[in-house]
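Residue numbers (my numbering): 7 to 42.
The beta-carbon is built from N, C-alpha and C at its ideal position, and this holds for glycine as well.
A quick note: this is a predicted structure, and the numbers were derived from the prediction, not measured.
Written out as structure tokens, the structure is:
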């Protein structure tokens, strides 16, 4: 979520940033051992 907030030029990570990070995690994006 922090990196997403950084990309949005925000000083703090908020709920929208955490929600976006969870979407990537739940979709399997970036899962170790799997090709993307």
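Could you give the DSSP three-state label for residue i: helix, strand or coil?
| i | result |
| --- | --- |
| residue 16 | coil |
| residue 7 | coil |
Expressed to the nearest angstrom, what Euclidean distance is found between the alpha-carbon atoms of residue i and residue j?
| i | j | result |
| --- | --- | --- |
| residue 18 | residue 30 | 19 angstroms |
| residue 15 | residue 21 | 15 angstroms |
| residue 10 | residue 33 | 16 angstroms |
| residue 8 | residue 28 | 12 angstroms |
| residue 23 | residue 13 | 10 angstroms |
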